[in-house]
Amino acid sequence: MHNEVPEIGPYPTHREVAQDVLGKFQVISSRYWITMAVLGFLVLLGIVGFVIRLNDGFDNASRANWGYLVATLAFIVTTFTAMPVISAGLRLTKANWRRSFTRMNENMALTGIVVMALLIPAIIALPPLEGRMSIWFEWPQGAPMLWDIMGYGTLVLIGLVMLWTCAVPDLAAASEYLPASPRQRFIKWLSLGWIGGTRQWKIMYQATLLMGVMYLLTYPLVQTLMISDFNHGLLPGYKDAIIPATVVVNGLQGAVAMTLVVMYCMRRFAGYERYFGIDQFWALSKPLLAFSLLWFYFFWASFITFWYGRQPGESEILRFLVLEEYRVHFLISLFLNFIAPLIALVWSPVRKSIWGPTIVSVGILIGA
1 MHNEVPEIGP YPTHREVAQD VLGKFQVISS RYWITMAVLG FLVLLGIVGF
51 VIRLNDGFDN ASRANWGYLV ATLAFIVTTF TAMPVISAGL RLTKANWRRS
101 FTRMNENMAL TGIVVMALLI PAIIALPPLE GRMSIWFEWP QGAPMLWDIM
151 GYGTLVLIGL VMLWTCAVPD LAAASEYLPA SPRQRFIKWL SLGWIGGTRQ
201 WKIMYQATLL MGVMYLLTYP LVQTLMISDF NHGLLPGYKD AIIPATVVVN
251 GLQGAVAMTL VVMYCMRRFA GYERYFGIDQ FWALSKPLLA FSLLWFYFFW
301 ASFITFWYGR QPGESEILRF LVLEEYRVHF LISLFLNFIA PLIALVWSPV
351 RKSIWGPTIV SVGILIGA
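For the sequence shown, the tail end lands on 368 under the working numbering, and the numbers increase by one without skipping.
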């Protein structure tokens, strides 16, 4: 029957959820250690490559070699670092379906530490401000190093405080469930004596809202600094008034896509099928489609301005980024970030599935 109400439940209790989730960490399996070993090896390779790049120096001959590091930095900021923005926005709108992946997104605030580690050598590798366009013409003192570190550092600090604030009840539950050990004592110290009183819950709720708003407002600043110093300031003639809004929309698209991919991985490989169901994938597919449409809107608004302006610098920018040198890269990005999501996600059966939004998200992350 079309009007039949589906049977839902029974929902697990809070204690059952705590025992299920914390039980995964009480006994660490061999698969976990194998995964950590593989990831640790990749991190080690990254550190070795970073040290080799440091040995090359920052002179004019070696400056172009830092492009890969800057691209990695931009990808992290546009995906992982933006994921807490999704959590903060959904918390402000009181979307209950986001609860299962909220902590997962907030954990990505830890990537801010990696961002800060990559940011300093990336700024050092930038050419001098003299003789090129930049946003620091009115206040060059300490720019861009001082102001970028202040901007990025503020975002990282807010993210870490927000993560700690949100995780205090979880840490308290973990300290009671785990056996006595140095790890258990450290977790108990991090829980700040949480007992779950009414006053504590009210304070934590207001604090998480405040930290979320601050993170949401600071993220556009960081994206503006990123695109200004590492993109616009290095391409003569690239003057786009809406680029801050463009990169923020791109970051939100990347954050939603990364959330869907991480949810799928945790559902498929970590045993969280009960918590990442069809509702979460279905709900996130809608803003994913919206951000994909906005991706094209902001691109077209910038493109059409350059196309009809036809200033010498603007024409060269179009040839360089769209029509000639990077034409293939642009077409791939256009397909993966706009055309494929539009074709796939307009269909309700694709949106209301787990595989559909996940596949589209993988394409978006490749196109980012």
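All residues carry an ideal CB built from backbone N, CA and C; glycine is no exception.
Whether residue i touches residue j by CB criterion (8 Å)
i	j	result
Leu126	Met258	no
Leu288	Pro244	no
Ala301	Ile242	yes
Phe276	Ser100	yes
Leu216	Ala88	yes
Lys24	Gly309	no
Other residues of its chain near residue i: CB distance less than 6 Å, five sequence neighbours each side excluded
i	result
Phe296	Phe338
Val70	Ala122, Phe230
Leu98	Rather than Leu, the amino acid found at residue 98 in this sequence is Arg. Correct list, in chain order: Leu90.
Tyr177	Leu22
Arg63	Ala125
Asp240	Ser302
Thr246	Phe298
Local Cβ density within 10 Å of residue i, reported as buried at 16 or more and exposed below that
i	result
Phe269	exposed
Cys395	Nothing about residue 395 can be read from this structure; the chain reaches only from 1 to 368.
Glu106	buried
Gly46	exposed
Leu132	In the sequence as displayed, the identity of residue 132 is Arg instead of Leu. Looking at its Cβ environment, which holds fewer than 16 other Cβ atoms inside 10 Å, Arg132 is exposed.
Arg430	Because residue 430 is not part of the residues shown, which for the chain are 1 to 368, the question remains open.
Gly367	buried
Leu54	exposed
Gly251	buried
Phe186	exposed
Val38	exposed
Arg274	exposed
Ala117	exposed
Ser175	buried
Integer-rounded CB distance, given that residue j should sit under 8 Å from residue i
i	j	result
Val376	Phe303	The first residue shown for the chain is 1 and the last is 368, placing residue 376 beyond what the model contains.
Ile124	Phe58	5 Å
Val249	Phe298	6 Å
Thr79	Gly254	4 Å
Leu336	Gly363	4 Å
Tyr264	Thr358	4 Å
Thr218	Thr154	6 Å
Ser285	Leu345	6 Å
Same chain only: Cβ atoms within 7 Å of residue i, ignoring 5 sequence neighbours per side
i	result
Ala109	Pro84, Gly159, Leu160, Met162, Leu163
Gln200	Trp194
Trp282	Arg351, Lys352
Closer than 7 Å: residue i CB and nearest the ligand PLP heavy atom
i	result
Leu42	Because no ligand of any kind appears in the structure shown, any question about the ligand PLP cannot be addressed here.
Cβ neighbours of residue i in the same chain (closer than 8 Å, five flanking residues each side left out)
i	result
Val115	Leu73, Ile76, Val77, Thr81, Tyr152, Val156
Ile278	Lys352, Ser353, Ile354
Val33	Contrary to the premise, residue 33 reads as Trp rather than Val in this sequence. Here the set comprises nothing.
Segment contact flag, the segment 125-144 with the segment 184-204, C-beta cutoff 8 Å, min 3 pairs: no
Cβ contact check for the segment 139-148 and the segment 201-216: 3 or more pairs under 8 Å: no
Three or more C-beta pairs below 8 Å linking the segment 246-261 and the segment 309-326: no
Cβ contact check for the segment 286-300 and the segment 36-52: 3 or more pairs under 8 Å: no
Cβ contact (3+ pairs, closer than 8 Å) linking the segment 309-318 and the segment 234-248: yes
Any 3 or more C-beta pairs closer than 8 Å across the segment 16-23 and the segment 166-181: yes
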